[in-house]
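Reading through the structure tokens given below for one structure.
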Amino acid sequence: MATGGMDGLATPEDLARFLGVPLRTVGQWRYLGKGPRSIKVGRYTRYRWVDVERWLDRNARGDAAA
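Numbered according to our numbering, the sequence shown spans residues 15 to 80.
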């Protein structure tokens, strides 16, 4: 797993740090429905690492064999 074996939930800050993008980008993706699937835990937004991994796989580009 590309997340280094992380299980459980990530905060938007965790996700931004992991992907190397600004926190604002993560929020924009969520607003536009373009990022990994998010869940609400009370009033907090969280991401399942497994959903992040699936999103990365769906958005992979190029030929891995090249």
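Using N, Cα and C, we set each Cβ at its ideal position, and we do this for glycine too.
Rounded to whole angstroms, the gap between the alpha carbons of Val-64 and Asp-21 is 8 angstroms. With fewer than 16 other beta carbons inside 10 angstroms of its own, Leu-37 counts as exposed. Trp-43 and Pro-26 have their C-alpha atoms spaced approximately 11 angstroms apart.
Gly-34 sits exposed, since fewer than 16 C-beta atoms from the chains shown fall within 10 Å of its C-beta.
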